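In the working numbering, the protein residues as written are 1 to 232.
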Ligand code: MLT
């Protein structure tokens, strides 16, 4: 199995027809995985708040507007991007229209891939199991931050690689090898807290989100994106 790592959403090329895992551990993909664990029906990713609001205006039954800019809830939206907001009483049975600075963009920009899985530390073992079942070449797409590398997503790419490497022979390039070394070097919590985006979230008062997102294997499901909707 050949595995490559895309370091940020600005470098998504050559993934056509491949199996992609999109990772925005702080916090978009962690939030999506949590929403599904708590009964959400679907997530629709949007590039902009305007697009999400327009869709909401047309079909607002059972829909919630969700997402952030600069880490905080968008004015007029129901939910921000803290996974802790996505409890069963709020999201069960709902379709979430979501727009975030990097995560939802990375997912939409991956739409030429053959299969698009949603990855985070929370569901990393389930993602690895699914990749082993599919047994195809894999591209781990790190959302990054504003088209720049971010340590937090790269660490989760490394975590998934380490989990795969225990069970299958992997052909890795040096970037994949570096991601593995990073993931092995420290606890996920420590890596997320030391990343730039982790520190920004701490400044905003979201330390609890980081502690939550660092829990490896808490959730055993793998959402996938069909080009329009994310479902499980
Ligand atoms: C993003 O998509 O950039 C993030 O998930 C930002 C955040 O809310 O932490």
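Glycine included, every Cβ here is placed at the ideal spot set by N, Cα and C.
Since this is a predicted model, take the numbers as computed values, not measurements.
Sort 23, 83, 53 by Cα distance to residue 99 and report the nearest one. 53
Could you tell me which of 183, 27, 133, 38 sits nearest to residue 201, measuring between CA atoms? 27
Start and end of the alpha helix (DSSP H) containing residue 90? 88–91
Beta-carbon gap between residue 118 and residue 29 smaller than 7 Å: yes
Tell me which residue opens and which closes the alpha helix (DSSP H) that residue 34 is part of. 28–37
Could you have a look at residue 229 and say whether DSSP puts it in helix, strand or coil? coil
With distance defined between alpha-carbon atoms, name the residue in 186, 57, 32, 112 nearest to residue 91. 32
Beta strand (DSSP E) segment containing residue 236, residue limits: This structure does not reach residue 236, given that the chain is present from 1 up to 232, and the question cannot be answered.
Counting only the same chain and skipping the five closest in sequence on each side, list residues whose C-beta sits under 7 Å from that of residue 176. 3, 4, 5, 161
Which stretch, first to last residue, makes up the alpha helix (DSSP H) that contains residue 165? 151–165
Rounded straight-line distance, which links the Cα of residue 25 to that of residue 186: 16 Å
By DSSP, does residue 202 sit in helix, in strand, or in coil? helix
Check whether residue 71 and residue 204 have beta carbons under 7 Å apart: yes
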